[in-house]
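Participant: If you count by the working numbering, then the sequence shown holds residues 45 to 179, one letter each, in order.
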Amino acid sequence: LKHLVGSEQVQLLGGAIMVKVTVGKPEDPWCEFEITEEDVEDWKKGVDIAEEKLKEVIQLPPITLDNCHEREDGDLQWDEITFEEEVNGKYWHAVIMALHRIREDFVKKQRKMKHLDWYMTMKKTSDKRNAKYYV
Numbered sequence: 045l046k047h048l049v050g051s052e053q054v055q056l057l058g059g060a061i062m063v064k065v066t067v068g069k070p071e072d073p074w075c076e077f078e079i080t081e082e083d084v085e086d087w088k089k090g091v092d093i094a095e096e097k098l099k100e101v102i103q104l105p106p107i108t109l110d111n112c113h114e115r116e117d118g119d120l121q122w123d124e125i126t127f128e129e130e131v132n133g134k135y136w137h138a139v140i141m142a143l144h145r146i147r148e149d150f151v152k153k154q155r156k157m158k159h160l161d162w163y164m165t166m167k168k169t170s171d172k173r174n175a176k177y178y179v
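1) Consult DSSP for Leu-48 and reduce its assignment to one of helix, strand or coil.
2) Where does Gln-121 land, buried or exposed, given buried means 16+ other C-beta within 10 angstroms?
3) Distance check for Lys-152 and Asp-161, CA to CA, integer angstroms please.
4) Using alpha carbons as the reference points, say which of Arg-155, Arg-145 and Glu-124 lies closest to Glu-71.
5) With Phe-150 and Leu-98 assumed to form a contact (beta carbons below 8 Å), what rounded beta-carbon distance in angstroms separates them?
6) Go ahead and pull the three-state DSSP assignment for Ile-79.
7) Would you tell me roughly how many angstroms separate the C-alpha atoms of Ser-51 and Phe-127, rounded to the nearest one?
8) Taking all protein chains shown into account, do 16 or more other C-beta atoms lie within 10 angstroms of the C-beta of Asp-83, making it buried, or fewer, making it exposed?
9) Checking 9 Å against the spacing of the C-beta atoms, do Met-157 and Ile-107 come in under that value?
10) Counting only runs that start and end within the stretch 89 to 118, where is the alpha helix (DSSP H) found for 4 or more residues in a row?
11) Does DSSP classify Trp-87 as helix, strand or coil?
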């Protein structure tokens, strides 16, 4: 196990190097997580692994019936993606695609909540006829 002073690079026993990733502005990040070269070795699996790691640490704004119209669909702005050291395209691909999937899931939840709000409003304001006139 090796730790370099002044850097967030940590080499594990298996030889994999962990790289710290920061999503968002450094002074106010959305989240931080670590990813290894082994995680991003395969292009497709790398995205899946990065997505899982992101979901463990990222704090997305809550979506409720009360606030579902306050935000535009998909208005999540990640601002910056920062790696503690120079990395190749596989790291970038995994993180960017994972963030894209998270945004897509967030948009689906926003749209479902807006549709539910529309449905509840329609139901509340729909024709309320007097039942005694209908047999």
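Even for Gly, the Cβ is constructed at its ideal location relative to N, Cα and C.
Facilitator: Checking against the coordinates, here is how it stands:
1) For Leu-48, the pLDDT reaches just 40, beneath the cut-off of 50, and the residue's location in the model is therefore unreliable, although a value from the coordinates is still provided. Residue state, collapsed to three classes: coil.
2) exposed
3) So the alpha carbons of these two residues sit roughly 14 Å apart.
4) The alpha carbon of Glu-71 has as its nearest neighbour, out of Arg-155, Arg-145 and Glu-124, the alpha carbon of Glu-124.
5) In fact, because the Cβ distance is near 12 Å, the residues do not count as touching under 8 Å.
6) strand
7) With a pLDDT of only 41 at Ser-51, under the threshold of 50, the placement of this residue in the model should not be trusted; the figure read from the coordinates follows. If you take the alpha carbons of Ser-51 and Phe-127, they lie about 11 Å apart.
8) Classification for Asp-83: buried.
9) yes
10) Contiguous alpha helix (DSSP H) elements confined to the stretch 89 to 118 do not occur, taking only those with 4 or more residues.
11) helix
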